[in-house]
Amino acid sequence: MLIGEVSRRSGVSTRMLRHYDAVGLVQPTVRTSGGYREYSTDDIRRLFQVESLRTLGMSLNEAKRALDEPDFMPADLLGELIRHTKVRIAAEEELLENLERVGAASQWEDVMATVSLLRALESESGARRQQAVLAQNEGTPLSVEALVEAALSEDDLNVAGALRWSLARGEGEGLAALAVGMASESVEVRRRAAAAIAEIPTTEATTLLSSALTDCDVAVRDRAALELGSRRVVEAVPALLRIVVEGRSDVEAAEVLGILAGNTVVAEDIVRAMQDKLDATVDAPTRLRITQALAEIPGAEARDLLAELTRDGDRTVAGTATAILRL
Numbered sequence: 525m526l527i528g529e530v531s532r533r534s535g536v537s538t539r540m541l542r543h544y545d546a547v548g549l550v551q552p553t554v555r556t557s558g559g560y561r562e563y564s565t566d567d568i569r570r571l572f573q574v575e576s577l578r579t580l581g582m583s584l585n586e587a588k589r590a591l592d593e594p595d596f597m598p599a600d601l602l603g604e605l606i607r608h609t610k611v612r613i614a615a616e617e618e619l620l621e622n623l624e625r626v627g628a629a630s631q632w633e634d635v636m637a638t639v640s641l642l643r644a645l646e647s648e649s650g651a652r653r654q655q656a657v658l659a660q661n662e663g664t665p666l667s668v669e670a671l672v673e674a675a676l677s678e679d680d681l682n683v684a685g686a687l688r689w690s691l692a693r694g695e696g697e698g699l700a701a702l703a704v705g706m707a708s709e710s711v712e713v714r715r716r717a718a719a720a721i722a723e724i725p726t727t728e729a730t731t732l733l734s735s736a737l738t739d740c741d742v743a744v745r746d747r748a749a750l751e752l753g754s755r756r757v758v759e760a761v762p763a764l765l766r767i768v769v770e771g772r773s774d775v776e777a778a779e780v781l782g783i784l785a786g787n788t789v790v791a792e793d794i795v796r797a798m799q800d801k802l803d804a805t806v807d808a809p810t811r812l813r814i815t816q817a818l819a820e821i822p823g824a825e826a827r828d829l830l831a832e833l834t835r836d837g838d839r840t841v842a843g844t845a846t847a848i849l850r851l
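Heads up: the sequence shown begins at 525 in my numbering, then just goes up one per residue.
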C-alpha cells in the first residue's frame with residue numbers, strides 16, 4: 525500500500541508518515557516493481573500501534589522504545605504518564621476554577637480586577653500576596669473559594685494571617701471548603717485549615733474545631749483545644765491538660781483552663797484531673813508545670829491542692845506552690 529492510500533485509510537497525514545519514516549518509527553519495507561516504497565501489512569500494524577501509544581501521551585521516542593526494545597518495561601513508563609496526566613488535569617482544573625471566578629464578574633473592570641488579584645496571589649513575593657488580600661477592601665473582593673484555596677496553601681505567616689483575617693470577616697462563608705481542608709491527607713493543609721477555622725466566631729466553626737480534637741496531628745489538636753477552651757467548650761479540658769503535662773504551650777493552656785474554671789463545677793473537675801496527673805508522675809518538670817497551671821484556677825479546691833504541694837518533696841514544686849498561695 526502506497527503512502528497516499530495509507531494516509532487516507534489511517535487518518536495520519538502524509539507529512540507525519542514521512543516524519544515517522546525519517547526517524548525510523550514506521551518505515552515502508554516493500555518495493556514495487558516500479559521502485560516505489562510500499563507499506564506491508566506488518567508496517568500498517570506497527571503504524572496503528574504507534575498511534576495507539578501516542579493517544580496515551582507517549583512521545584515518539586517513547587513509542588519507539590516500547591516497540592523496539594525487548595527488555596522495555598512499560599509499567600514504569602505508564603506510571604510516569606499517569607503522574608504527568610494527573611498534574612495536567614490538576615492544572616486544568618485550577619484554570620477552570622479561575623475562569624469561573626472571573627466569569628462571575630459582571631463588569632469588564634471587575635474582570636480585570638479579579639484577574640489582577642489572582643495573579644498577585646500567585647506571586648513569589650509574600651509582600652505582594654499579602655497586599656493583594658488586604659487590597660480587597662479597596663476594590664473587587666476575591667471569591668471565598670479563592671481565599672480558602674490560598675489559605676490552605678500559604679506558608680508565609682504574614683500572608684496566611686491576612687487570608688485568615690479576610691475569611692473571618694466573611695462570617696463563616698468559607699467553612700464548607702475549610703472542612704474539606706480538615707479532611708485532607710496533608711498535615712500542613714489540616715494545620716492551615718484549623719488555624720483559619722479558629723478565627724471564625726460561629727457555632728459551625730466551633731463544631732468543626734471539636735471534631736479536630738481527635739486529629740492524628742498534635743498541632744491540629746492543640747490549636748483546636750486552645751480555641752475551644754477560650755470559647756468555654758468543656759470538652760477541650762482533657763486536651764488542654766495534655767498540653768500542660770507534655771509542655772508544649774503550657775502557659776497558654778493554663779490560661780485557657782482558667783477561663784473554663786470560671787464555672788465552679790468545671791473548676792472542681794479540672795483540679796481533680798490535675799491531682800490525678802500529679803499522682804501519676806514523678807517527673808519534676810511535669811509536676812512543676814501542673815503546679816504553675818494551678819495558679820490560674822480559682823476556688824478552694826485549687827488552693828487546697830497548692831497547700832499540699834507546699835510540702836512536696838521537690839523543693840522547686842514546693843517553693844512554687846508557696847509563692848502562688850502568697851500571691
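In this text, a Cβ means the ideal position worked out from N, Cα and C, and glycines have one as well.
This one's a predicted model, so the numbers in the text were calculated from it and none came from an experiment.
| Query | Result |
| --- | --- |
| At which residues does the alpha helix (DSSP H) containing residue 585 begin and terminate? | 584 to 592 |
| From which residue to which residue does the alpha helix (DSSP H) around residue 816 run? | 808 to 818 |
| If you drop the 5 nearest sequence neighbours on each side, which residues of the same chain put their C-beta closer than 8 Å to that of residue 761? | 753, 781, 784, 790, 793, 794, 797 |
| When you compare each of 565, 585, 568 to residue 499 by their alpha carbons, which one comes out closest? | Past the boundaries of the shown model lies residue 499; the chain is included only from 525 to 851, so the question cannot be answered. |
| Exposed or buried, residue 538, counting other C-beta atoms within 10 Å across all chains shown (16 or more means buried)? | exposed |
| Taking 7 Å as the limit between beta carbons, can you name the residues of its chain near residue 799, skipping five residues before and five after? | 829 |
| Does DSSP classify residue 539 as helix, strand or coil? | helix |
| Do the region 802 to 809 and the region 773 to 780 make contact, defined as three or more Cβ pairs closer than 8 Å? | no |
| On a Cα-Cα basis, can you pick out the residue from 824, 592, 705 that is closest to residue 673? | 705 |
| Given a cut-off of 9 Å, decide if residue 813 and residue 768 are closer than it, judged by their beta-carbon atoms. | yes |
| Cα-Cα, which of 533, 764, 732 is closest to residue 742? | 764 |
| Verify whether the separation of the beta carbon atoms of residue 716 and residue 776 is less than 9 Å. | no |
| Determine whether the beta carbon atoms of residue 750 and residue 773 lie at a separation below 9 Å. | yes |
| CB-CB under 6 Å to residue 847, same chain, minus the five flanking residues each way: which ones, in chain order? | none |
| Measuring only the C-alpha atoms, how far is residue 687 from residue 771? | 30 Å |
| Are the CB atoms of residue 681 and residue 729 within a distance shorter than 9 Å? | no |
| Per DSSP, which residues does residue 561 bridge with? Please list them. | 555 |
| Inspect the beta-carbon positions of residue 718 and residue 692 and report whether they are closer than 9 Å. | no |
| Output yes or no for whether 9 Å exceeds the beta carbon distance between residue 550 and residue 563. | yes |
| In the DSSP assignment, the alpha helix (DSSP H) including residue 682 goes from what residue to what residue? | 681 to 693 |
| Would you say residue 782 reaches chain C, if we count a Cβ-Cβ gap shorter than 9 Å as a contact? | Absent here is chain C; the protein component of the structure consists of one chain. |
| May I have the straight-line CA-CA distance separating residue 663 from residue 617, to the nearest angstrom? | Annotation note: pLDDT 48 at residue 663 (below 50); position unreliable, coordinate value reported separately. Rounded to the nearest angstrom, the two C-alpha atoms are 26 Å apart. |
| Within its chain, find whatever has a CB closer than 6 Å to the CB of residue 845; leave out the 5 residues flanking it on each side and keep chain order. | 815, 830, 833, 834 |
| Exposed or buried, which one is residue 684 when buried takes at least 16 other CB atoms within 10 Å? | buried |
| Taking the alpha carbon of residue 567 as the point to measure from, which residue in 581, 757, 552, 557 has its own alpha carbon closest? | 552 |
| Report the option in 606, 841, 569 whose CA atom is closest to the CA atom of residue 591. | 569 |
| Express the C-alpha separation of residue 821 and residue 787 in angstroms, rounding to a whole number. | 10 Å |
| Within this structure, are the beta carbons of residue 544 and residue 526 separated by less than 9 Å? | no |
| In whole angstroms, what is the alpha-carbon distance linking residue 827 and residue 712? | 41 Å |
| Please state the DSSP three-state secondary structure of residue 822. | coil |
| Is the CB-CB distance between residue 851 and residue 819 below 9 Å? | yes |
| Work out the CA separation of residue 531 and residue 579 for me, nearest whole Å. | 18 Å |
| For residue 746 and residue 838, what's the separation of their Cα atoms in angstroms? | 29 Å |
| Using a Cβ-Cβ cutoff of less than 8 Å, which residues in the same chain neighbour residue 732 once the five nearest sequence positions on both sides are dropped? | 699, 702, 703, 706, 721 |
| I'd like the list of long-range same chain contacts for residue 671, defined as Cβ closer than 8 Å, with 5 residues on each side in sequence excluded. | 657, 687, 690, 691, 694, 698 |
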